[in-house]
Amino acid sequence: MDYQFLNNTNLYTYNSTEHVQELVANWPLYTNPLNHFYFFMAGILLFIVYERYRTQLRQKQQLLVKMILILLVIYMVLDKIVGNPSYGFGRFCYSLLTLAIISLTPFIEIKSTWLRKKLIMLGDISYSVYLIQFPVYTCVIYLTRKFTLFNKTETFFIALLSLLSISYFIYKWYEVPSKNWLTNLAFSPRKNSLELSETT
1 MDYQFLNNTN
11 LYTYNSTEHV
21 QELVANWPLY
31 TNPLNHFYFF
41 MAGILLFIVY
51 ERYRTQLRQK
61 QQLLVKMILI
71 LLVIYMVLDK
81 IVGNPSYGFG
91 RFCYSLLTLA
101 IISLTPFIEI
111 KSTWLRKKLI
121 MLGDISYSVY
131 LIQFPVYTCV
141 IYLTRKFTLF
151 NKTETFFIAL
161 LSLLSISYFI
171 YKWYEVPSKN
181 WLTNLAFSPR
191 KNSLELSETT
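Each residue of the sequence shown is one higher than the one before, counting from 1 in full-length UniProt numbering.
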């Protein structure tokens, strides 16, 4: 009985370190911006197309709703067949789905001031969320598997709350002060006086 318990403990501890080992192994690939260059270019091109035809898209609300439903079905089917629709055609569908949802936002009226502020806050911390989501998720998975017995749903919400909390802290105590400092530096009286002296 004790021997079986020790075996299970060792196996459980070994599995809990897999995500950390994966994070360390893939860290150079994750932090190299050139590996994501093509996805950034595709996103920029999609945004240009969206800006060009934004008025036409907003005038076709029913078409956008149908497009969202079709893309959701395709995404769910790919999830069942492929198992991970985050690559290839699944990622393309996900990008189109994002654009379709964004195009619907003018038709959505948010009357709650509290909800509007929370959505604005999510937009403010979105860059921090993008930067730290992978390491935060990996660390949460490691900790929950090593010390506790949470199921997948509980682990997801723990990771989500941790991600939002850390992102808000980074935004509040790093992004905003840095932005204010750079703004003050760019428009400081000393800089303006130097520019005036150079022109004269």
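Using N, Cα and C, we set each Cβ at its ideal position, and we do this for glycine too.
* Are there 16 or more other CB atoms within 10 angstroms of the CB of Met41, so buried, or fewer, so exposed? -> exposed
* Using the Cα positions of Trp181 and Tyr168, report the straight-line distance between them to the nearest angstrom. => Counting only the Cα atoms, Tyr168 lies some 19 Å from Trp181.
* Nearest to Trp173 (by Cα), restricted to the options Ile125, Leu115 and Ile74 -> Ile125
* Asked: So, do the segment 156-168 and the segment 123-140 have three or more beta carbon pairs nearer to each other than 8 Å?
  -> Because the criterion of three Cβ pairs below 8 Å is met, the segment 156-168 and the segment 123-140 touch.
* 6 Å Cβ shell around Ile158 - same chain, five flanking residues per side excluded -> Val140
* To do: Would you decide whether Val49 is buried or exposed? Buried here means 16 or more other CB atoms lie within 10 Å of its CB.
  => exposed
* If you draw a straight line from the C-alpha of Thr144 to the C-alpha of Thr183, how long is it? -> 41 Å
* Taking C-beta to C-beta, are Leu64 and Leu97 nearer than 7 Å? -> no
* Span separating the alpha-carbon of Gly123 from that of Ile110 -> 15 Å
* To do: Measure the C-alpha to C-alpha separation of Val73 and Lys152 and round it to an integer number of angstroms.
  => 23 Å
* **Environment of Tyr53 [buried if 16+ CB atoms lie within 10 Å]** => exposed
* Quick one: grab the DSSP three-state call for Gln59. => coil
* Thr138 to Phe156, Cα distance in whole Å? -> 11 Å
* Exposed unless 16 or more other CB atoms sit within 10 angstroms - verdict on Asn10 -> Low confidence applies here, because Asn10 scores a pLDDT of 38, under 50, leaving its location unreliable; read the following figure in that light. Its Cβ having fewer than 16 others within 10 Å, Asn10 is exposed.
* Just tell me which of Lys179, Ile101 and Tyr142 has its CA closest to the CA of Met67. => Ile101
* **CA-to-CA distance, Glu175 to Lys117, given in whole angstroms** => Pairing Lys117 with Glu175, the inter-Cα distance amounts to about 18 Å.
* If we cut at 7 Å on Cβ distances, does Leu119 have a partner in chain D? -> Among the chains in the structure shown there is no chain D, since it carries only a single protein chain.
* Considering only C-alpha positions, which residue in the set Gln62, Glu51, Ile170 and Lys60 is nearest to Gln133? -> Ile170
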